[in-house]
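In our numbering, each residue's number is its place in the sequence shown (first place is 1) plus 4. C-beta: ideal position from N, C-alpha, C; glycine also. Data first, discussion second: the structure below is written as structure tokens.
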Amino acid sequence: MSEQSKSFLSERRGFLAAALATGFALAVRPVAASTIVTDSEGLEVGPAFVERGDVELPVYVARPANASGRLPVVVVVQEIFGVHEHIQDLCRRLAKLGYLAIAPDLYFRQGDPRKYPEIEALQREVVSKVPDAQVMADLDGTVAWAVAHGGDGARVALTGFCWGGRIAWLYAAHNPELKAIAAWYGRVEGKASDNTPTQPVDVAAQLKVPVLGLYGGKDQGIPLDGVERMRVAIKRSGEPSRIVVYEDAGHGFNADYRPSYHRAAAQDGWAEMLKWFRSHGV
5 MSEQSKSFLS
15 ERRGFLAAAL
25 ATGFALAVRP
35 VAASTIVTDS
45 EGLEVGPAFV
55 ERGDVELPVY
65 VARPANASGR
75 LPVVVVVQEI
85 FGVHEHIQDL
95 CRRLAKLGYL
105 AIAPDLYFRQ
115 GDPRKYPEIE
125 ALQREVVSKV
135 PDAQVMADLD
145 GTVAWAVAHG
155 GDGARVALTG
165 FCWGGRIAWL
175 YAAHNPELKA
185 IAAWYGRVEG
195 KASDNTPTQP
205 VDVAAQLKVP
215 VLGLYGGKDQ
225 GIPLDGVERM
235 RVAIKRSGEP
245 SRIVVYEDAG
255 HGFNADYRPS
265 YHRAAAQDGW
275 AEMLKWFRSH
285 GV
């Protein structure tokens, strides 16, 4: 590789890494006093890059420092706000427990969600332009990268939040190689579009991985009747999936940096997720 090519690659990676810089998305500021901050002591953390054809997918990685042997892997799928500080903090929490946690920036081709001060503009200008097929392929690449960089291919799980909760359900019907998945308050029904042709309820009978669904009983955006239809539909998959509803919690109840945070539901959901992973060998 020529010096000019090396310089270009370095500049390009620097630009991509900026999308994973520490900080919260503009649309969620100011952050709440309840925000949890997990340090990186004893961890290796930072951006990395997954080759995806002619582009490089930025990922945030956290893992125990100086770990011996292959590590169990948890792929963390972002909220609508991207891989901002909260998602990075979740990765560090998982790394403290011994996981190689990796969060891919699944919007990077379409834009930087951290820069939008309003959710409506973010949804219109970035999120709506992200094809499900692209996301599934990027997650495949992320899993492969994690396994090639110290992860144990026989112990891979995935969790997703909000936008990522819907993706988690879809990925359970896409990749049978994972051991377990946890979907946090992800939409299960909705209108089809070119970029989102199917919804989780459409593929519920085709799940190839056991999924734990975590929902809030007071979620204004995800009606409970839809969650109940999903609960019925997943029984036809043959996988031991289940759904837990926290009656007093709303949408985003694990988002400790927002007013939606519900401490009791978040703590119980996190414990249930870890138990779910471990019960399936991750």
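Beta-carbon proximity list for residue i, same chain, < 7 Å, skipping 5 on both sides
{"i": "D144", "result": "N179"}
{"i": "A209", "result": "A237, R240, S241"}
Environment of residue i [buried if 16+ CB atoms lie within 10 Å]
{"i": "P214", "result": "buried"}
{"i": "P227", "result": "exposed"}
{"i": "P76", "result": "buried"}
{"i": "I106", "result": "buried"}
{"i": "V236", "result": "exposed"}
{"i": "F12", "result": "In this prediction, F12 scores a pLDDT of 39, lower than 50, which makes its location untrustworthy; no coordinate-derived value is stated."}
{"i": "E243", "result": "buried"}
{"i": "P51", "result": "buried"}
{"i": "D93", "result": "buried"}
Beta-carbon contacts of residue i that lie in its chain and below 6 Å, excluding the five residues immediately before and after
{"i": "T200", "result": "D136"}
{"i": "S9", "result": "Its pLDDT being 40, under 50, S9 is placed unreliably by the model, and the measurement read from it follows with that caveat. Cβ neighbours of S9 beyond the five flanking positions: none."}
{"i": "Q203", "result": "E193, G194"}
{"i": "S132", "result": "none"}
Check whether residue i and residue j have beta carbons under 8 Å apart
{"i": "D156", "j": "L61", "result": "no"}
{"i": "L218", "j": "W188", "result": "yes"}
{"i": "A29", "j": "A66", "result": "no"}
{"i": "Y3", "j": "V81", "result": "Nothing can be reported for residue 3: it is not among the residues displayed for the chain, which extend from 5 to 286."}
{"i": "V249", "j": "V231", "result": "yes"}
{"i": "Q114", "j": "V134", "result": "yes"}
Which residues DSSP lists as bridging residue i, in chain order
{"i": "A253", "result": "Paired residue(s): none; A253 is not in a bridge."}
{"i": "L216", "result": "A186, R246"}
{"i": "P51", "result": "Y64"}
{"i": "R56", "result": "V59"}
8 Å CB neighbourhood of residue i in its chain, flanking five on each side removed
{"i": "R56", "result": "A141, D142, G145"}
{"i": "Y120", "result": "A29, L30, A31, L126, E129, V130"}
{"i": "L101", "result": "L278"}
Item to check | Segments assigned beta strand (DSSP E), at least 3 residues, entirely inside the segment 63-109 | outcome: 75-81, 104-108
Checklist entry - Which full runs of the alpha helix (DSSP H) of 4+ residues lie inside the segment 104-186, going along the chain? => result 123-129, 136-152, 167-176
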